[in-house]
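Note sheet for the following structure.
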Amino acid sequence: MKTINEKILNHPYLTMGLILLITVFFFQQIKEKGRIETDLDKYMPQNHPEFVYSDQAEEMFDIKDGIIIAIEHPESIYNPETLQKVKDITKSLQKMDEIHKGDVTSLYTADNIVGTEEGMDVKAFYKRVPKAEKLDVMRQGVAGNDMVAGRLVSDDETVAVIIARIDDDVFTQDFYKAIIDLGESFEGPEKIYVAGSPIVEGTMALLGPADMKRMIPVVVLVILLVLFGVLRSVKSTLFTFLVVAISSIWTFGLMALVGIPTYAVSTMIPVMLIAIGVADGIHFYSHLGIFLRENPGADKTTAVKDMIQGMWKPVVMTSVTTAVGFISLLTSQVYPIKYFGLFTAFGVIVAMFLTLVLIPAGIMAFNLPKQRTKKEESNSENGDLAQKFSSVLLAQKKLTWAFTLGLVIISLWGINKVWINSSFLDKFESDSDIVQTDAFINAKFGGTSTINVILETDITGTFKQTNVLQLVDKMQMDVESYDMVGSSFALTDYLKRMNMVMNADDGDFNTIPNNEELNAQYLLLYEMSGDPENLWRVTDYDYRRLNVTFQVKSDNSKVINEVLGRIEDYRQPLSDMGVELNYAGSGYKALIFTDLILEGQIKSLVLSLVIIVALLGFMFKSVKAGLVGSFPIVITAIIGFGVLGIFNIPLSTTTALLSSIAIGIGIDFAVHYLDRYRLNRQSGLSVELAVSETMNHSGRAIVFNAIVVIAGFMVLLASVFPPNRALGALVSLNMFVSFVGTLTVMVLLIVKSGLFSPNDRGVK
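Under numbering that gives the first Met the number 0, the residue at position 44 of the sequence shown is numbered 43, and the numbers go up by one with no gaps.
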């Protein structure tokens, strides 16, 4: 370390030049290789059993997410102009390279199963737009067809939808823009709505970078202002900020270099690094200021050497413990969280390196920062304030502990109310266009989210059996009775429709036939008359597998869980018939996604605490120091999750980062305080004086550090995404709790435990 420092001090311009070259290289990587990832499937571990099964089922039944284009006429869609637009939009979608022609469904392409004198026929509702006198016949035909009414045409007949199913790997920003432009081109007098999971994800992909571009300048301005207010030096402010700005560029540059995309949650990494990275600079310059006040005639070389000598150990210790807090997120199976932790940890280590290298080089090249006037008076005032605070704290031990215990009890009650939510829509404002559009379509139709129930058996022809099909039909009707489930679709719907049209459209026959042979005949007729590819989306060739699709009016995890709960009621009755029940599709995978978030958080929280206790024990050569130093962050984590439950804030891919952030940043306060307190005890100061002097030195820097971190995270309140705003507020609260806990509860534990007393190994 000494040799490296001498080279830096002797060659400051060379040092800064090398850092600049590396920064330019990483910036170029961002420009050339950086990309945004919003496909929910790419967020998940591809080898997870539930996802592997779902992917197999999706391939078997050609299950795909759909883009929904709704066309609304204020009076009725049954007019030549609107029906022509339905046809034109359908054909335009079919011509797109990203969409297979057979994957576009609308009133123009839908199968209309009808009875004929010869038996049954499957034909289109229209090929040419009907004349005015035939529109009423068409309207009645749609209204009497349960496979179309309420699915492709709303019950009030004012809205029709066109659904384009797409593969997971075809969605791009250009395709997204083409869909939006297509919808807008058909506006007037009809209103066009565009929705569906791919559109939600595409909107996220647009707003994510835009949100980052808007927040970063605000973060920069806020941090610069707060830093200048704390450091009172333009040079110190700029070099401290350069540390975090460069570390952000290196972090995103490395992500681009190794091919890791930027996820929605990754957009917060710069905010994290800016808020975290300034801490080391503040402690460096705070130590430098105290040294210069005590040694007013010291030259810059002596001052810089003392700064490095006095601060490199706590800076390295805090950076390592902070990085551990984020690296613990590698236990998560959710890719965005895993990579967020890994690359934020890398950025923290880079910020540490730059603090140890760039700040000393900057001082050597551009001289010492200008010191404040009235040094002695200011220092005396700080010392008096620290002494008073220490005296009050040590005199009010019982009150401090009572207040802390009360907060913990309330927070533990709140933790029981914490819930998880993987909803993409909940990441948007409730009054945003994307949410309003989704709500409109959910109100008019079955729902924009889907759950696929896959039923399987080993016996060929099982799903022609009346008793099995009737149980499936009963399950569909039961689940549909839940107001958040709009409709369902399965082989049963084909059979009920065919049974009715073969019996003169008598509604009494809108049931599953009681004859297995009749079921087989109906299905054979459909294969001969209609498009059998439609049939293979709900069953397989041997009728051993069935795909039942439920349309749900929300992607909220609570709603999805409620729907699954109702479906689960039929697991045992189906099992009694030899039928196994499983799930597939994006709606179910999103739910598994939430379970992985919770599982990963529990693992990372426990792992990070264990490692941090061990690291602190190793650093200070005292297990007691590890336990005492980790106590404030344990309290902070409890309070943080308690607030989530009390204020009904869900745990999402964003707010799930709360514990790791709280631990990663909060441990810095404890390390700086413990290190300075140990040095004061080693110098022979009594417990009371050591507490007071540590408050004056590290306590002061901790307060400044907390102010800057809180200010940095408060900038997230300007995000367009509600979870980001919640995270900003929660982390700011946690940082406040953490630094207050460090300077109160931890100090009392230090005194109570006799840590770093003359007979303690940590002071030897």
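Cβ atoms here follow ideal geometry from the backbone N, Cα and C, with glycine treated the same way.
Enclosing alpha helix (DSSP H) for residue i [first to last residue]
i	result
E567	S556 to E567
S697	It is not in any alpha helix (DSSP H) - S697 carries neither H nor E in the DSSP assignment.
E516	E515 to S528
I634	V622 to I645
Status (buried if at least 16 other CB within 10 Å, exposed otherwise) for residue i
i	result
W249	buried
D492	buried
Y12	exposed
K373	Legend: pLDDT at K373 = 47, less than 50; position of this residue unreliable, no value from coordinates given.
P531	exposed
T769	Given that the chain is displayed from residue 0 to residue 763, the structure contains no residue 769 and the question cannot be resolved.
N555	buried
A360	buried
E57	buried
Q45	exposed
K426	buried
R164	buried
G761	Low confidence applies here, because G761 scores a pLDDT of 47, under 50, leaving its location unreliable; read the following figure in that light. Result: buried.
V578	buried
I749	buried
A394	exposed
Length of the line joining the Cα atoms of residue i and residue j
i	j	result
S377	G258	Here the model assigns S377 a pLDDT of 48, short of 50, so the residue's position is not dependable, and the following value carries that caveat. For S377 and G258, the distance between alpha carbons rounds to 51 Å.
L715	P216	12 Å
G584	G711	39 Å
L635	D667	Strictly speaking, residue 635 in this sequence is Thr, with Leu absent from that position. Answer to the nearest angstrom: the Cα atoms are 13 Å apart.
F339	L328	8 Å
G740	V627	11 Å
G309	R292	15 Å
L614	L742	21 Å
L8	I348	21 Å
E656	V707	Sequence check: residue 656 is Leu here, not Glu. Those two C-alpha atoms are separated by around 20 Å.
L206	K176	13 Å
S691	S718	40 Å
I601	S682	41 Å
L754	L747	11 Å
L92	D154	25 Å
A302	S232	16 Å
F60	R536	5 Å
I29	G143	57 Å
P79	K133	10 Å
A411	L272	The residue asked about is misnamed: residue 411 is Leu in this sequence, not Ala. Those two C-alpha atoms are separated by around 30 Å.
E116	D173	50 Å
Check whether residue i and residue j have beta carbons under 8 Å apart
i	j	result
K623	S756	no
R680	H696	no
K63	D102	yes
L392	T399	yes
D575	I511	no
D430	A194	no
P722	S651	yes
A589	M15	no
I611	T320	yes
T772	F592	With the chain covering 0 to 763 only, the question about residue 772 has no answer from this structure.
L524	F462	no
L566	V478	The question names Leu, but residue 566 in the sequence shown is Ile. Their beta carbons are under 8 Å apart, which means I566 touches V478 by this criterion.
M499	N509	yes
I222	G65	no
I281	V333	no
G140	S486	no
L643	V417	yes
A385	M745	no
I68	T157	no
I35	T202	no
S105	T81	no
Range of the contiguous beta strand (DSSP E) that encloses residue i
i	result
A69	D64 to E71
M43	Careful: M43 lies outside any beta strand (DSSP E) and carries neither H nor E.
R544	R544 to V551
I191	K190 to A194
M119	M119 to A123
N581	E579 to A583
Beta carbon proximity, residue i to chain B, threshold 8 Å
i	result
T81	No chain B is present in this structure, which holds just one protein chain.
Assess contact between the region 254 to 271 and the region 733 to 751, defined as three or more Cβ pairs (one per stretch) separated by less than 8 Å. Is contact present? no
Touch check for the region 269 to 280 and the region 234 to 248: three-plus C-beta pairs under 8 Å? yes
The region 59 to 73 contacting the region 108 to 117, beta-carbon criterion three pairs below 8 Å: no
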